[in-house]
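If you use this note's numbering, the sequence shown closes out at 49, no skipped numbers anywhere.
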Amino acid sequence: MSKLIYWIVFFVSTAFMVYLLMFAPQWFWAMLPFVGVSLVKALDVI
Numbered sequence: 004m005s006k007l008i009y010w011i012v013f014f015v016s017t018a019f020m021v022y023l024l025m026f027a028p029q030w031f032w033a034m035l036p037f038v039g040v041s042l043v044k045a046l047d048v049i
């Protein structure tokens, strides 16, 4: 996949993670894998 797609997924999932942190903090942890993996893939670490 294109790195642009990974960056888009990273920013969208980060925004949703912040939303969950504000309104449903018990589900905040559920977004951490999406944020972490998309950032790693966008930065070409893997």
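Cβ atoms here follow ideal geometry from the backbone N, Cα and C, with glycine treated the same way.
Q | Assigned exposure category for F13 - 16 Cβ within 10 Å defines buried | A | Burial call: buried.
(Q) Y9 and K44 - do their beta-carbons sit closer together than 8 Å? (A) For K44 and Y9, yes; Cβs fall inside 8 Å.
Q.
Output needed for M34: all residues of its chain with C-beta closer than 7 Å, excluding positions within five of it in sequence on either side, in chain order.
A. The beta carbon of M34 sits closer than 7 Å to those of S16, F19, M20 and L23, all from its chain and outside the five residues before and after it, given in chain order.
Q. Which of helix, strand or coil does DSSP assign to A18?
A. Here A18 sits in helix by DSSP.
Q) Along the chain, where does the alpha helix (DSSP H) that runs through L42 open and close? A) Membership of L42 in the alpha helix (DSSP H) is indicated by the continuous run L35 to A45.
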